[in-house]
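Peer 1:
Chains as they are written, first to last, in this note's numbering: chain A, 1 to 546; chain B, 1001 to 1198.
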């Protein structure tokens, strides 16, 4: 009896303990679910102190982009003036070192080549409204497009051909696709403005050159939600950097420039608030000059090698191929019905387009490597071209004896494009437009050249041809996690990645063949000598024994 | 047959550990130089650097030992009997002629050895060591006013030193068999005791 009572008490006790622990477990579970929900909510909610949905200025059905801008400017009185002084607005950049007048407005590249005479099309990526020709008013504040950078909904899209406007009426887009694109809800977009993001910057910069991944090679839509292998800083579930984390901006001026990059930064980490005019967008500005702690020998490379060279082992690593070549000379071939041809390669990419010619693409591309001191020299419109050699659209200056030079990874984009033989210059030609002079309308080079050259301020000589061109793009995005950085032997090797880089002593790359032959020769002679000497000793001692 | 205690315990330890390190550093060093592939470049660099610090540590002890024991005097060069030694190696060794040099505890190296080791001490080692340090601290050279030294010259001298060491090594290993029996010197380096002919 006694024992039963005891065991019942025991059982009760055990049950109680079980119940308690179960309930506390359940509570814990609830709590953790609640925390997760709360953090998620906090993440979704803007950290801004202003909720734009509550702004009376934005409680209206906007008819156009400029109307939205006018509303923005009611509070952000200085914003448009700030934008007006930026490259994003002027598309112009005066290189202080070379005095070359650069910027999208001035340079000729070997993709779509030139903005001139094609503004209505190209300005889909201009931070403004209405730039269709030289009459555009660059001083008008309402012409600034706030939304293209500050949209957070992802719904705001500017359409090529509409001079920087989104469509305000339903329209077929892409052309001849049969799909109707509804106009964007400007009120909703305006009420949901926020900080710039990978999505908003990427809406232009991922699509440079006329499509996803086409131009840069290290910028494409795979960076919207990148995994760790693709970009260790922008990893969506990791550090989740926005573009602006590195491209620190002030008064709408975005730092980091492809026209005048910082090729070598030996100034160490940049302290917050320290205003010394240096570029804050470099690797060094955060990581300093001795970033390798585990294996300090790696720090010895920084006087010759850019961080990017090892830490971006390949570009276009996000499974979206980047364009590598563009041959305009084959453009204009039509099918038997005189219609535009679009031929896809086995990977589904357009390999031939009547409007543009032949293309090739590559994914996970091993960069080319060049000495670079940050000074880029362009072949501009009017600069002499004689067709006898490959035209360097831009040239990365620098060399092994220049202390400001580093070995950089670059994407070299190769093409063949029109030049004006009579005027001995790269050509500006009219591509996009609804008029019959546009090459993409009638496939007539003569008309396109005439209008294009005139728009660039030169009379077409009447004779055009195609010339091979090369353009270099610095590779600086898609930074891999350290485990994926280049291993030593990928360069320190006779056939390593830097085999074409001049003026560098690379241990392990068989640099001193003459000395090696002499040294090894003497060593072999010594070996033969001692072997002979020993041989004779053995022989004579045997004789002596006999 | 006389036996003398020539090589003391530390000296033997120093010799063999140094020998192992030098062989290992030749092996890894020429891989870093790109002559062949055994460990892989990165490992070769790591091992080579590690071995370098080991040999530096060893040398700190060795230098201390040489000065405290006065053994450094063993390397004072002399030209006396050099010609006899050369003659011995060219002819005498084949005819069982008596060795012209008589080892004592105060003079354990024959005059050719003295010259050879002195050459290692004042030429080969400094070339390797100074170029090696410059190699190791390449990016901090400017701090000591050597910023003008370029890597190709540093590496050039380091590799020249390595080849000299390789050639010394070949000759040294062979001449180790040139005692009164082929293994006499080697035994002495292991046990410390050298047997001489009388």
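Yeah, the Cβ is synthetic: ideal placement off N, Cα and C, and Gly gets one too.
These figures come from a predicted structure and were not determined experimentally.
Return the chain-ordered list of same chain residues with a C-beta closer than 7 angstroms to the C-beta of residue 72 (chain A), the five sequence neighbours on each side being excluded.
Peer 2: These residues qualify, in order along the chain: 79 and 146.
Peer 1: Between the region 492-518 of chain A and chain B, which residues of the former have CB atoms less than 9 angstroms from a CB of the latter, in chain order?
Peer 2: Those would be 492, 493, 494, 504, 505, 506, 507, 508, 509, 510, 511, 512, 515, 516 and 518, in chain order.
Peer 1: Using 8 angstroms as the threshold, is the C-beta distance between residue 1041 (chain B) and residue 488 (chain A) below it?
Peer 2: Yes; because the gap between Cβ atoms is below 8 angstroms, this pair is in contact.
Peer 1: Got a sec: which bits of the region 100-119 of chain A sit with their beta carbon under 8 angstroms from any beta carbon on chain B, in order along the chain?
Peer 2: Residues passing the 8 angstroms Cβ filter: none.
Peer 1: So, does the CB of residue 187 (chain A) fall closer than 8 angstroms to a CB anywhere in chain B?
Peer 2: Cβ-Cβ to chain B under 8 angstroms: no for residue 187 (chain A).
Peer 1: Would a check of beta-carbon distances place residue 1110 (chain B) closer than 8 angstroms to chain A?
Peer 2: Residue 1110 (chain B) does not count as touching chain A.
Peer 1: What are the uninterrupted segments assigned as alpha helix (DSSP H) that are 4 or more residues long and contained completely in the region 99-128 of chain A, given in chain order?
Peer 2: The region 99-128 of chain A contains these whole alpha helix (DSSP H) runs: 119-122.
Peer 1: Express the C-alpha separation of residue 378 (chain A) and residue 390 (chain A) in angstroms, rounding to a whole number.
Peer 2: Spanning the two alpha carbons is a distance of roughly 14 angstroms.
Peer 1: Please go through the same chain and pick out, in chain order, the residues whose beta-carbon is closer than 6 angstroms to the beta-carbon of residue 280 (chain A), but skip the five residues on each side of it.
Peer 2: Cβ within range, chain order: 248, 255 and 270.
Peer 1: Would you tell me roughly how many angstroms separate the C-alpha atoms of residue 252 (chain A) and residue 82 (chain A), rounded to the nearest one?
Peer 2: Their Cα atoms are separated by approximately 6 angstroms.
Peer 1: Taking the alpha-carbon positions, what's the residue 121 (chain A) to residue 506 (chain A) distance?
Peer 2: Rounded to whole angstroms, residue 121 (chain A) to residue 506 (chain A) spans 48 angstroms at the Cα level.
Peer 1: Using 10 angstroms around the beta-carbon of residue 239 (chain A), count the other beta-carbons present and answer buried if the total reaches 16, otherwise exposed.
Peer 2: Exposed, because fewer than 16 other Cβ atoms sit within 10 Å of the Cβ of residue 239 (chain A).
Peer 1: Just the C-alpha distance for residue 133 (chain A) and residue 231 (chain A), rounded to the nearest angstrom, thanks.
Peer 2: Their Cα atoms are separated by approximately 39 angstroms.
Peer 1: Where does the unbroken alpha helix (DSSP H) through residue 139 (chain A) begin, and where does it stop?
Peer 2: Residue 139 (chain A) -> no alpha helix (DSSP H), and no H or E assigned at all.
Peer 1: Please find out if some non-hydrogen atom of the ligand ATP comes closer than 7 angstroms to the beta-carbon of residue 262 (chain A).
Peer 2: Among the components modelled here there is no ligand, and therefore nothing to report on the ligand ATP.
Peer 1: Do residue 432 (chain A) and residue 453 (chain A) count as a contact pair if the criterion is CB distance below 8 angstroms?
Peer 2: Not closer than 8 angstroms, so no.
Peer 1: Can you check the region 268-351 of chain A for any alpha helix (DSSP H) of at least 4 residues that lies completely inside it and give the ranges in chain order?
Peer 2: Whole alpha helix (DSSP H) segments, 4+ residues: 284-287 and 307-311.
Peer 1: Over what stretch of residues does the beta strand (DSSP E) that includes residue 182 (chain A) continue unbroken?
Peer 2: From DSSP, residue 182 (chain A) is part of no beta strand (DSSP E); its letter is neither H nor E.
Peer 1: For the beta strand (DSSP E) that contains residue 1002 (chain B), what are its first and last residues?
Peer 2: Run containing residue 1002 (chain B): 1002-1005, per the beta strand (DSSP E) assignment.
Peer 1: Just the C-alpha distance for residue 1035 (chain B) and residue 157 (chain A), rounded to the nearest angstrom, thanks.
Peer 2: Approximately 58 angstroms, taken between the alpha carbons.
Peer 1: Establish whether the CB of residue 273 (chain A) and some CB of chain B are separated by less than 8 angstroms.
Peer 2: No, no contact with chain B.
Peer 1: Just to confirm my understanding: we take residue 1010 (chain B), look at its own chain, exclude 5 residues before and 5 after, and list those with CB closer than 6 angstroms. What are they?
Peer 2: Cβ within range, chain order: 1065.
Peer 1: Is residue 552 (chain A) helix, strand or coil by DSSP?
Peer 2: Any property of residue 552 (chain A) remains undetermined from this structure, which presents chain A solely from 1 to 546.
Peer 1: Using a Cβ cut-off of 9 angstroms, pull out every chain A residue sitting near residue 1183 (chain B), in sequence order please.
Peer 2: Per Cβ cutoff of 9 angstroms: no residues; residue 1183 (chain B) is ~13 angstroms from chain A at best.
Peer 1: Restricting to runs no shorter than 4 residues, where is the alpha helix (DSSP H) found entirely within the region 418-460 of chain A?
Peer 2: With a minimum length of 4 residues, the continuous alpha helix (DSSP H) runs that stay inside the region 418-460 of chain A are 439-442 and 445-455.
Peer 1: Quick one: using the 10 Å Cβ neighbour count with 16 as the cut-off for buried, is residue 1139 (chain B) buried or exposed?
Peer 2: The residue in question, residue 1139 (chain B), is buried, as its Cβ has 16 or more Cβ neighbours within 10 Å.
Peer 1: Where does residue 302 (chain A) land, buried or exposed, given buried means 16+ other C-beta within 10 angstroms?
Peer 2: Burial call: buried.
Peer 1: List the whole-angstrom C-beta distance separating residue 1058 (chain B) from residue 1018 (chain B), where the pair is believed to meet the contact cut-off of C-beta under 8 angstroms.
Peer 2: Right, their Cβ atoms sit about 6 angstroms apart.
Peer 1: Starting from residue 1189 (chain B), trace the alpha helix (DSSP H) in both directions and tell me its first and last residue.
Peer 2: Run containing residue 1189 (chain B): 1184-1191, per the alpha helix (DSSP H) assignment.
Peer 1: In the DSSP output, which residue or residues are listed as bridge partners for residue 501 (chain A)?
Peer 2: DSSP output for residue 501 (chain A) lists no bridge partner at all.
Peer 1: Show which residues of chain B have a CB atom less than 7 angstroms away from the CB atom of residue 299 (chain A).
Peer 2: Ordered by position in chain B, the residues that pass the 7 angstroms Cβ test against residue 299 (chain A) are 1139.
Peer 1: For residue 38 (chain A), which three-state DSSP category applies?
Peer 2: Residue confidence for residue 38 (chain A) is low, a pLDDT of 47 falling below 50, so the modelled location carries little weight and cannot support an answer.
Peer 1: Give every residue of the same chain whose Cβ lies closer than 7 angstroms to the Cβ of residue 1045 (chain B), excluding the five residues on either side of it in the sequence, and list them in chain order.
Peer 2: The answer, listed in chain order, is 1032.
Peer 1: Just how far apart, CA to CA, sit residue 1183 (chain B) and residue 1177 (chain B)?
Peer 2: Rounded to the nearest angstrom, the two C-alpha atoms are 6 angstroms apart.
Peer 1: Any idea if residue 1077 (chain B) is buried or exposed, counting beta-carbon neighbours within 10 angstroms, 16 or more meaning buried?
Peer 2: Label assigned to residue 1077 (chain B): exposed.
Peer 1: Between which two residues does the alpha helix (DSSP H) carrying residue 1053 (chain B) extend?
Peer 2: Per DSSP, residue 1053 (chain B) belongs to the alpha helix (DSSP H) from 1041-1069.
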